[in-house]
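Visitor:
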Amino acid sequence: MGKIAVVGSNMVDLITYTARMPGPGETIEAPRFEMGCGGKGANQAIAAARLGAEVMMVTKVGDDVFADNTIRNFEESGIDTRHVERVPGTSSGVAPIFVEPSGENSILIIKGANALLSPADVDRAAEDLKGCDLIVMQLEVPLETIYHTIAFGARHGIETLLNPAPAPTDLDPKRIEQVTFLVPNQTELATISGLPVTSEAEAETAARSLIGRGIRTVIVTLGARGALLVTKGEETRRIEPVRVTPVDTTGAGDAFIGSFARYYVENRDLDAALRMAVRYAADSITRPGTQKSYATHEAFEAFCASL
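Mind the numbering: the sequence shown is residues -17 to 289 in my numbering, read in order.
#1: Which value, in whole angstroms, describes the spacing of the CA atoms of Leu256 and Ile221?
#2: Which of the three DSSP states, helix, strand or coil, is assigned to Glu8?
#3: Could you check whether His65 and Ala107 sit closer than 7 Å to each other, using their CB atoms as the reference points?
#4: Kindly indicate the opening and closing residues of the alpha helix (DSSP H) around Lys22.
#5: Reducing DSSP to helix, strand and coil, say where Ser74 ends up.
#6: Let's test the definition: count the other Cβ atoms within 10 Å of the Cβ of Ala243 and tell me whether it reaches 16, buried, or not, exposed.
#7: Keeping to the same chain, check which residues put their C-beta closer than 6 Å to that of Tyr246; ignore five residues upstream and five downstream.
#8: Quick one: residues in its chain with C-beta nearer than 6 Å to the C-beta of Val37, no 5 flanking neighbours on either side, listed in chain order?
#9: Considering just the uninterrupted stretch of the alpha helix (DSSP H) at Met258, what are its terminal residues?
#10: Can the beta-carbon of Val118 be found less than 7 Å from the beta-carbon of Val(-12)?
#11: Between the Cα of Leu252 and those of Lys274, Ser275, Gln160 and Val200, spot the shortest distance and give me the residue it belongs to.
#12: Using DSSP with H/G/I as helix, E/B as strand and the rest coil, what is Thr(-2)?
#13: Tell me which residues share the same chain as Val69 and place their Cβ nearer than 8 Å to its Cβ, disregarding the 5 neighbours each side in the sequence.
#14: Spatial neighbours of Ala209 within its chain, please: CB distance less than 7 Å, with the 5 preceding and 5 following residues excluded, ordered by chain position.
#15: Could you check what DSSP says for Thr203 in three-state terms: helix, strand or coil?
#16: Return helix, strand or coil for Val247, following the three-state DSSP convention.
#17: Got a sec? Which residues, its chain only, sit under 7 Å from Cys286 by beta carbon, not counting five neighbours each side?
#18: Would a C-beta distance cut-off of 7 Å place Val165 and Asn145 closer than the cut-off?
#19: Ignoring anything shorter than 3 residues or poking outside the stretch 219 to 246, list the beta strand (DSSP E) runs there in chain order.
#20: Report the CB separation of Cys19 from Gln273 in whole angstroms; it is logged as a contact under 8 Å.
#21: According to the neighbour-count rule (16 or more other Cβ atoms, all chains shown, within 10 Å of its Cβ), is Phe15 buried or exposed?
#22: Sort Asp103, Gly(-10), Phe134 and Leu125 by Cα distance to Leu112 and report the nearest one.
#23: Looking at C-alpha atoms only, which residue of Thr72, Ser181 and Glu82 is the closest neighbour of Glu11?
#24: Quick one: what's got a C-beta closer than 8 Å to Gly127's C-beta in the same chain, skipping five residues either side?
#25: I need the boundaries of the beta strand (DSSP E) containing Asn87, first residue and last residue.
#26: Counting along the chain, where does the beta strand (DSSP E) carrying Val43 start and finish?
#27: With DSSP as the reference, label Thr131 as helix, strand or coil.
Structure (structure tokens):
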């Protein structure tokens, strides 16, 4: 199996389960609170590692009480932490998450040390990155670092995946042309393309507009409706969903990307990797929490056998 590098974020998830969201100026009691490790980069790395992939993390943590726990969490999952750097005088990233009874969630992020991950950090990890088969990125770190990493991958013949989340309005399509896979959800796709994405047909049109701007492959995640694969000169392919009863949708997109990376680097079978990713994301929303909802390889095989 190939090796995956994740150049991206880590966060501490502060999860509140609430009967409803409070209105302006309103205080309500919530029944439950949990704390866990998160951040889009860390989530995607953990998902891939839980499934048996060899994963290296390039990220930054603060010098607060959360940093030791974050590093320990990586190490316990078998992730290479040689390029996880502590930043003195800086907080770690945190993500307050509010989960409603339906399983839908609302999230705030405070980047903390993630905002300081720089192109120089990528260059310091260059020799180890050159030994990887796929570099996975998100947008909870500076855009310049993402552009630099995409160019690094192209220069050294390493495939790259960008999850453009949270979607910025100032993402430069020219500077992400060399990315191998762009993997937005519908909201992110609408922001990046500037087109409405309220249906599957509109999602395809918006994805095709990005292909027209030079992006090679766009994978649109559609939540409970599966995913779309859009490439230049080929028909759009739909990856069918798996029907489950949702408990908590937090981190489902990261489960999709981490598992896709794991199965893709195994044998470069794009369609098979997407089918497994849809299943893994569906399995993850049947349990509460983010990383703790991600199945091991053995547990996921049992889930697939039950379908």
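Don't be surprised by glycine CBs; every beta carbon is placed ideally from N, CA and C. Just so it is clear, the structure is predicted and the values come from calculations on it, not from any experiment.
Guide: On the basis of the supplied data:
#1: If you draw a straight line from the Cα of Leu256 to the Cα of Ile221, it comes to about 7 Å.
#2: It is coil, neither helix nor strand.
#3: A distance below 7 Å separates the beta carbons of Ala107 and His65.
#4: Lys22 -> alpha helix (DSSP H) spans Lys22 to Arg32.
#5: In the three-state DSSP reduction, Ser74 falls in the coil class, being neither helix nor strand.
#6: Buried, since its Cβ has 16 or more Cβ neighbours within 10 Å.
#7: Closer than 6 Å at Cβ, skipping near neighbours: Ala255.
#8: Only Ile(-14), Ala27, Ala30, Ala31 and Ile61 meet the Cβ criterion.
#9: Leu252 to Ser266 is the extent of the alpha helix (DSSP H) around Met258.
#10: Yes.
#11: Minimum Cα distance to Leu252 is reached at Val200.
#12: Three-state result, Thr(-2): strand.
#13: Excluding sequence neighbours, Val69 sits near Lys42, Val43, Gly44, Asp45, Ala95 and Leu98.
#14: Excluding positions up to five away in sequence, the list reads Ile201, Val202, Thr203, Ile221, Leu256 and Val260.
#15: DSSP places Thr203 within a strand segment (E or B) once states are collapsed to three.
#16: DSSP places Val247 in helix when its eight states are reduced to three.
#17: Excluding sequence neighbours, Cys286 sits near Arg261.
#18: A contact, by the Cβ cut-off of 7 Å.
#19: Listed in chain order, the complete beta strand (DSSP E) runs (minimum 3 residues) inside the stretch 219 to 246 are 219 to 221.
#20: The C-beta distance from Cys19 to Gln273 rounds to 6 Å, short enough to meet the 8 Å contact threshold.
#21: By the beta-carbon neighbour count (other beta carbons within 10 angstroms, threshold 16), Phe15 is exposed.
#22: Contrary to the premise, residue 112 reads as Lys rather than Leu in this sequence. Checked all of Asp103, Gly(-10), Phe134 and Leu125; the closest Cα to Lys112 is Phe134.
#23: Ranking the options by Cα distance to Glu11, first place goes to Glu82.
#24: The question names Gly, yet the displayed sequence has Thr at residue 127. Here the set comprises Val(-11), Leu99, Ser100, Pro101, Asp103 and Val104.
#25: From DSSP, the beta strand (DSSP E) with Asn87 extends over Asn87 to Ile89.
#26: Start and end: Glu36 to Val43.
#27: Per DSSP, reduced to three states, the secondary structure at Thr131 is helical.
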